[in-house]
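Residue numbers (the working numbering): 4 to 211. We put the beta carbon where it would ideally sit given N, CA and C, even for glycine. Okay, structure first, notes after.
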Amino acid sequence: IGGNGYTICSGSGDGAIRLWDIETTKQFNVFKGHTNYVNSVKYGPDGLVNTILSGSDESVRLWDIRSGQQIQVFKEHTDYVYAVEYSPLIIKNSIGNSSVICSGSWDNTIRFWDIRSNKNQLYIIKGDDEKDGGIFCLKFIVLKKKENTKNVAYDLNLCYDVFYFTLFFKKLKQLRSMIFKEFKSVITENLFKYQNKLQGISSAVFFV
């Protein structure tokens, strides 16, 4: 459901994203560009309320709600994209401050992107190709922090599958190396220095 509370967006097997009026149930916009099932769509948060993020084929796409046009396409995944999410993170670049988006794929990777640059993949978290069943869900949850806290540690909780239709939940240790100078500040090259591969992941929750 959109930020205005009057619209809802959907993705379908024909590769299209549609906007609907909740009260009248009428379709009033269609976004076309994906070449396969649209597995995930998300309305933009505050500051990006006029955008929609989507994942389908091996790509992640950003759309302008008002014009119906594609703004950016991100192509580094090697298999279907099943999850997309706007993150609460901000990065500084030559243009100014820019938001960061995140995507999860059947290729067992979680990728972070600069929303203003389709050439700038910020970071990648790799799973285990022999044990993992792909990334199907991503969620950032903002937690309260002390006002004077300069370093922010990130926890990563995972839901993963071993056999078909069997889910297990696992909480990893705090990733102390995933430190930012300040929450919603500059992402540096040292972001996400977690070297160990994640195992058995199909769903990830980032607590920030």
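Going straight from the alpha carbon of residue i to that of residue j, what length do you get?
i	j	result
N53	G136	33 Å
Q72	S15	18 Å
T28	L65	24 Å
S59	F139	12 Å
N111	I68	30 Å
D82	N39	11 Å
E185	S13	Because the pLDDT at E185 is just 31, under 50, the model does not fix this residue reliably, and the point stays unresolved.
D132	S120	28 Å
I74	G130	29 Å
W116	L22	25 Å
V84	D24	27 Å
G5	V33	15 Å
I20	V41	7 Å
D107	E79	Before going on, a small fix: residue 107 reads as Gly here, not Asp. Using only the alpha carbons, I get a separation of about 11 Å.
Measuring alpha carbon to alpha carbon, tell me which of the options ends up nearest residue i.
i	options	result
G36	K29, F77, L51	F77
I128	S120, I118, L141	L141
L92	F34, I11, S13, I118	I118
G18	H80, S62, F115	S62
A86	V44, E79, I11	V44
S70	N42, F31, V41	F31
Y89	H80, I113, W109, E79	I113
P48	S108, S102, G107	S102
Give me the Cβ distance between residue i and residue j, rounded to the nearest whole Å; I'm assuming they're in contact under 8 Å.
i	j	result
I94	L125	7 Å
I104	L56	6 Å
E26	Y46	Not really, about 17 Å apart at Cβ, beyond 8 Å.
On the DSSP bridge assignment, give the partners of residue i in chain order.
i	result
V44	S57
W66	I55, Q73
Y89	I104
L127	Rather than Leu, the amino acid found at residue 127 in this sequence is Ile. According to DSSP, which records beta bridges pairwise, I127 is partnered with R114.
D24	T10
F34	I20
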